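2 protein chains.
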Amino acid sequence: MNSLSKIKILIADDEPNQLELIRFNLTKENFEVISASDGEEALCLSEEIFPDLIILDWMMPKMSGIDVCRKLRSKSISRDIPIIILSARGEEGDRTLGLEIGADDYVTKPFSPMELLARIKAILRRSRPSLANDYMEFENLRIYPSTQIVKYNGEKIDLGPKEFKILSLLMERPEQIFSRTQILDKVWGHGIDIEQRTIDVHIRRIRKALMINSNEFKNIIRTVRGSGYALGTNKFGFH
Amino acid sequence: MNSLSKIKILIADDEPNQLELIRFNLTKENFEVISASDGEEALCLSEEIFPDLIILDWMMPKMSGIDVCRKLRSKSISRDIPIIILSARGEEGDRTLGLEIGADDYVTKPFSPMELLARIKAILRRSRPSLANDYMEFENLRIYPSTQIVKYNGEKIDLGPKEFKILSLLMERPEQIFSRTQILDKVWGHGIDIEQRTIDVHIRRIRKALMINSNEFKNIIRTVRGSGYALGTNKFGFH
DNA sequence: TTTTTTTGTCATAAAACTGTAACAAAATCC
DNA sequence: GGATTTTGTTACAGTTTTATGACAAAAAAA
């Protein structure tokens, strides 16, 4: 998993220990964790920082998790942020209330970090395909395999299917050198009869596409004379 | 809940009573229920009828729910169908295993019909926005599933049923690429014999309809050469 | 039934993509 | 430097994929 911008999770709980425990576990999993200690704070922070997921304790001072959830769901701007409700109660009425109110999941205390984590991942997988099917990134280049979108410095780049595949291949292992034969095998398929020079042309096309809208062009595809191509700058190749 | 065709739910459990109980409750909620009594049957049926959601008992003859889940997740054709695992066990290891394997939720027996229902709805809300929300929105396009009304820049647009369904499908997951096969499966139904090019014509009709009354036309349906179509503009995305 | 709308298919035009050759430029070797 | 090898660049033709309009069949409405 190689996304540089972390997934932001807001967690609201009035119990410091609990908060710290969750923060610790989520941070370990490379999430960015923002915490709030009561309902109002959670609400404010949500609207400020747009977390990718919100975890709300049911019972909190000032505003309960349920109320925060209701508020968030009523505004279009926050309607789609996934919410998990934590609760000490186990009665059925509560469970279903949580879900009916628009929460995405409901976890009963006590729960193990592993379980919470599993649920978080399950939800992210559904609600944010773009996060789950995450992208590959190298310097200012991002490519989204699921949507076949390529962005360079935040701008969309148009590439033909072949070029997209070649770039994907290089992105999978930055700095690794791919020989023309390897590229042919992986992109065109094994055993096809294509001139090796053809790849040069495709590389050229990729480079050209990346130049559009980027006057300060940094050649991101390194030519390795006698060997092939690799993702990386021409100046600072190895590390 | 409003949809043109009923939501299909496949439920697999080897215990007839349990099966019947769930079937009864789901049917009451206007779902179309298909049942299987063991893992293998569940797997076969899944691939045959493309349910909108699958409920699997953990312990089943021939093939466990977990194994069925794994199989379904390994095939691209069934990868996106939401899955709920039912289990009598409550140990943590199991819970997380269920979710990690790619299930969307995990419900421990005994559960109340209300709870199962709430979870089903929570999941469908994510995976099929058109079923849960009053309308879906993308840029200046709004579509109201319940009334089959489409508005672009506030103006009503006329679409035939097929075109409406195609557009709905694309709207459920903006930016995601749908292959012609996927569109055929979802809109016409699986296993129907229609020329793939027919979809091009329908797409053309949708685009045309959206052009009416909009001189500053922004092509909202992206053609992904070699792959299919996706909702999104060609130039500016939102990733 | 008649009329209108919707739908599927075809033929053809248009567009996009690909592979190659030819030559220029750069790097390497002697 | 000069020869040789490798890569860069461009133009172009061939191929594949989409777009589009026309038309008839099918379905729905009147």
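From first to last, the protein sequence lines stand for chains A and B. Using this note's numbering, read the first sequence as starting at 962 and increasing by one per residue. Using this note's numbering, read the second sequence as starting at 962 and increasing by one per residue. All C-beta atoms in this analysis are idealised placements derived from N, C-alpha and C, irrespective of residue type, glycine included. Model, not experiment: these values are computed from the prediction.
Original post:
When the distance is taken between beta carbons, is A/Glu1136 closer than 8 Å to A/Arg1166?
Top reply: no
Subject >> Whole-angstrom distance between B/Lys1036 and B/Phe1139, CA atom to CA atom >> reply: 16 Å
Subject >> Inside the segment 1067-1127 of chain B only - beta strand (DSSP E) runs reaching at least 3 residues >> reply: 1097-1099, 1102-1105, 1110-1113, 1116-1118
Subject >> Through-space distance from B/Arg1040 to B/Ala1003, alpha-carbon basis >> reply: 15 Å
Subject >> Under 9 Å from the C-beta of B/Arg1186: neighbouring residues of chain A >> reply: Gly1121, Pro1122
**OP:** Run down chain A in chain order and give the residues with a C-beta less than 8 Å from the C-beta of B/Glu1100.
**Re:** By Cβ distance, chain A contributes nothing, its closest Cβ being about 14 Å from B/Glu1100, past 8 Å.
Original post:
Can you list the residues of chain A that B/Glu1061 reaches, using a CB-CB cut of under 8 Å?
Top reply: Ala1079, Lys1082
Subject >> Close-in-space but distant-in-sequence residues of the same chain around B/Ser1025 (CB under 8 Å, 5 per side omitted) >> reply: Gly1000, Trp1019
Subject >> Proximity below 8 Å, CB of A/Leu1017 to CB of A/Cys1005 >> reply: no
Original post:
Using a Cβ cut-off of 9 Å, which residues of the segment 1062-1077 of chain A contact any Cβ in chain B, in chain order?
Top reply: Gly1063, Ala1064, Asp1065, Asp1066, Tyr1067, Phe1072, Ser1073, Met1075, Glu1076
**OP:** Check A/Gly1152 in the structure and name its three-state DSSP category.
**Re:** coil
Subject >> Own chain, CB closer than 7 Å to B/Lys1070, minus 5 neighbours either side, in chain order >> reply: Leu1047, Ser1048, Ala1049
Original post:
Using the C-alpha atoms, what's the distance from B/Trp1149 back to A/Leu1130?
Top reply: 35 Å
**OP:** Pair every Cβ in the segment 1082-1089 of chain B with every Cβ in the segment 1062-1076 of chain A, then say whether three or more of these pairs are closer than 8 Å.
**Re:** yes
Subject >> Of the residues B/Ser998, B/Gly1189, B/Lys1179, the one placed nearest B/Thr1159, counting alpha carbons only >> reply: B/Gly1189
**OP:** Please name the residue or residues paired with B/Thr1184 in a DSSP beta bridge.
**Re:** B/Tyr1190
Subject >> Residues that B/Ser996 bridges to, as DSSP identifies them >> reply: B/Ile972
Subject >> Rounded separation between B/Gly1060 and B/Phe985 - CA only >> reply: One point to set straight first is that residue 1060 of chain B is Leu, not Gly, in the sequence displayed. Those two C-alpha atoms are separated by around 26 Å.
Original post:
Shortest alpha-carbon distance to B/Leu1058 belongs to which of A/Leu1077, A/Lys1169, A/Leu971?
Top reply: A/Leu1077
Original post:
Going by DSSP, which residues form a beta bridge with B/Ile1038?
Top reply: Bridge partners of B/Ile1038: none, in fact.
Subject >> Residues of its chain near B/His1151, where Cβ-Cβ distance is below 7 Å and the 5 sequence neighbours each way are ignored >> reply: Phe1011
Original post:
Can A/Phe992 and A/Ile970 be called in contact, C-beta distance under 8 Å?
Top reply: yes
**OP:** Pull up the DSSP beta-bridge partners for A/Ile1046, would you.
**Re:** A/Leu1017, A/Tyr1067
Original post:
From B/Gly1121 to A/Gln1109, what distance separates their C-alpha atoms?
Top reply: 29 Å
Original post:
For A/Phe1011, does the three-state DSSP call read helix, strand or coil?
Top reply: coil
Original post:
Which term fits B/Met1172, buried or exposed, when burial requires 16 or more other beta carbons within 10 angstroms of its beta carbon?
Top reply: exposed
**OP:** Identify whether B/Ile1062 lies in helix, strand or coil by the three-state DSSP scheme.
**Re:** coil
**OP:** Verify whether the separation of the beta carbon atoms of B/Leu1128 and B/Ile1104 is less than 8 Å.
**Re:** yes
Subject >> Distance, A/Leu980 Cα to B/Ile1164 Cα >> reply: 50 Å
**OP:** Evaluate A/Ser1073 with the Cβ neighbour count: other Cβ atoms within 10 Å of its Cβ, from every protein chain shown; 16 or more gives buried, anything less gives exposed.
**Re:** exposed
Original post:
When the cut-off is 8 Å and only beta carbons count, does B/Thr1057 lie next to chain A?
Top reply: yes
Subject >> Where B/Ala1191 meets chain A, residues with beta-carbon distance less than 8 Å >> reply: Thr1108
Original post:
Which of the three DSSP states, helix, strand or coil, is assigned to A/Ile1138?
Top reply: strand
**OP:** Measure the alpha-carbon distance for A/Glu976 versus A/Ile1081 and round it to whole angstroms.
**Re:** 20 Å
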